[in-house]
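J.:
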Amino acid sequence: MIDPKLIRTDPDSLRAAQRARGESEGLVDELITADEARRGAIARFEALRAQQKDMGRQVARASAESRPGLLAQAKDLAETVKAAEQETSQAEARFTELLMTLPNPVFDDVPQGGEDDFHVLQTVGTPRDFAAEGFEARDHLELGELLGAIDMDRGAKVSGSRFYFLTGVGALLELALTQYAVSRAVEWGFNPMIVPSLVKPSAMDGTGFLGQSAQDVYYLPADDLYLVGTSEVALAAYHSDEILDAEKLPLRYMGYSPCFRREAGSYGKDTRGIFRVHWFDKVEMFVYCRPEDSEAEHAKILDFEKSFIESLGIPFQVLEVASGDLGMSAARKYDCYGWVPSQQRYREITSTSNCTQFQARRLNIRARYEDGVGPVATLNGTLCAMTRMIIMILENNQNPDGSVTVPEPLRPFLGREVLTPSAG
RNA sequence: GGAGGCGUCGCCUAGUUAGGUCUAUGGCGCCCGCCUGCUAAGCGGGUUGAGGGCUUCAACCCUCUCGUGGGUUCAAAUCCCACCGCCUCCGCCA
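If you read the first sequence in numbering that gives the first Met the number 0, its first letter stands for residue 0, the second for the next number, and so on.
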């Protein structure tokens, strides 16, 4: 069930939003036509149905003489009702189909353009000058191999390209990062959740991952299940078909799960190491809130991300992503890009999206407000994507001998201050 | 995987064996009122939810809702089919 209020609100701003994304404005007109058809069909059907019910009562009470005549009438009516019912369900299906293809309207002040038109909002920290320190920075894979932390060769042997094993201190590092991330999230009031990474099509579609990004998703046809690319999917669908208590908003969840990505469009890109892999583990933040609070909640999530990255001593930039690169569900998106010394540039480590009411409408998540029932807003944000964060930590904290200094906050969880190359 | 049982309006529950004011029973809980110095008890009333219409609000009207989706029928909580979920037992397994 889709909340039909969506397209009655303001067709003009929907058209503008479509323009901003470089998407078809005609879709909006089609939607409006489909909605009118749908409403008309429903009204006709409901009226007929009322008639039919009334007639049913008459038949039940009818005397033996009047019964046959009434029955004949009722029979005719039943056919009309059936036809109207079919028309209604077709009109509904058409409307839903169109609505599911409509991306979330982008906020007006989002930078226009595509992948390269992001705005840099902030730069935090200063990249180390390795030349001045007298040595050349190793990349994360070289360091990982020296430390006995990353094994790509056997990853490829066992599972194929873009798979890895984290070994020894590598495994310990991920576990420590996980513990640290979870402890911070809990401290900030997020309810920790370990969530399924296989979900039904309704969950995948509801979160907006079966649109343009469908080719990036693993699908298990034998079971009609999808492997999630982020725990956002399970966390969003968690409250699907529910009416939440507005008093309890915002609801803040932290999800931990493996994430699977086919990386279909990225052949030959970032093939070295664990930067771009088919599977990684991630601690994710997810928030349900009142629509009018979504921008404030978004800012909070971004602050949490910044605070987490900064606490690990990684120089980074905060970007606001441009309209054409937002994906289907986001009305606004901020990415944090961490410094990668071996590449001499900033690369994505976190991403937070304000999906406003988009996912809530598709997943039928509402709340009971003072003035009635309506959709909530949903937001998500990366707290710690393990592989990317491991890269950042290894490269930014490396020493000339190939050892890596463990960032202060991780030490209690890792039980050591420095990772040293293994003798063998 | 095999066998059996069960899904009713917050919770429990009647109704399903002969389909028809079921326009869903009763209890608990909750809400309002009465009573009371206060509380409890007692008494009276209300209470499934969603969508839409109308509307200042309220009232009122219509549709849908008995796990979900189909089917049979003039008419389905009730009959038929499929699916989903839960429980018990067996097998297998972490």
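Cβ atoms here follow ideal geometry from the backbone N, Cα and C, with glycine treated the same way.
Note that the coordinates shown come from a computational prediction; the quantities given were computed from them, not determined experimentally.
(1) Can you tell me where the alpha helix (DSSP H) with VAL232 in it begins and where it stops?
(2) Looking at the strands, I want to know which residues DSSP matches up with PHE259.
(3) Using only alpha-carbon positions, find the residue among PRO249, GLY267, ALA329 that is nearest to GLY210.
(4) Can you tell me the Cα-Cα spacing of VAL282 and THR206, whole angstroms?
(5) Would you please state the rounded distance, in angstroms, between the beta carbons of ALA221 and PHE307? I believe it to be under 8 Å.
(6) Count the other CB atoms, across all protein chains shown, that sit within 10 Å of the CB of ILE193; report buried if there are 16 or more and exposed otherwise.
(7) Pick out the complete beta strand (DSSP E) segments inside the stretch 45-92, 3 residues or longer, and give them in chain order.
(8) Assuming MET385 contacts ILE348 under a Cβ cut-off of 8 Å, what Cβ separation, rounded to an integer in Å, is found between them?
(9) If the criterion is Cβ atoms closer than 8 Å, does the pair LEU362 and ALA233 meet it?
(10) Determine, using beta-carbon pairs with one atom in the stretch 299-313 and one in the stretch 397-409, whether at least three such pairs fall under 8 Å.
(11) Would you identify the three-state DSSP class for PRO420, choosing helix, strand or coil?
(12) Where are the beta strand (DSSP E) runs, 3 residues long or more, that stay fully inside the stretch 105-151, in chain order?
(13) Nearest CA to the CA of ALA202: which residue from LEU13, LEU224, LEU243, CYS288?
(14) Would you kindly report the start and end of the unbroken beta strand (DSSP E) that includes SER350?
(15) Using C-beta distances below 8 Å, list every residue in its chain close to PRO399, excluding the 5 sequence neighbours before and after it, in chain order.
(16) Quick check: ALA90 and ARG37, are their CB atoms within less than 8 Å of each other?
(17) Sort LEU140, ASP280, ALA321 by Cα distance to LEU393 and report the nearest one.
(18) Looking at the secondary structure, which residues open and close the alpha helix (DSSP H) in which LYS299 lies?
(19) According to the Cβ coordinates, are PRO257 and GLU296 closer than 8 Å?
(20) Taking the alpha-carbon of GLY425 as reference, which of PRO102, ALA73, ARG48, LEU226 has the nearest alpha-carbon?
T.: The short version:
(1) Boundaries of the alpha helix (DSSP H) harbouring VAL232: 231-236, taken from the DSSP string.
(2) TRP278
(3) For GLY210, the nearest C-alpha among the options comes from ALA329.
(4) 18 Å
(5) No, ALA221 and PHE307 are not in contact; Cβ-Cβ is about 39 Å, not under 8 Å.
(6) exposed
(7) none
(8) Not a contact, Cβ separation roughly 11 Å.
(9) It is not a contact, given that the beta carbons lie outside the stated cut-off.
(10) yes
(11) coil
(12) Listed in chain order, they are 118-123.
(13) Relative to the Cα of ALA202, the nearest Cα in the group LEU13, LEU224, LEU243, CYS288 belongs to LEU224.
(14) First-last of the beta strand (DSSP E) with SER350: 344-353.
(15) GLU132, GLY133, PHE134
(16) yes
(17) Restricting attention to LEU140, ASP280, ALA321, the CA atom closest to the CA of LEU393 is found in LEU140.
(18) 293-310
(19) In this structure, PRO257 keeps its C-beta atom at 8 Å or more from the C-beta atom of GLU296.
(20) A query on residue 425 cannot be resolved here, the shown segment of the chain reaching from 0 to 423 and no further.
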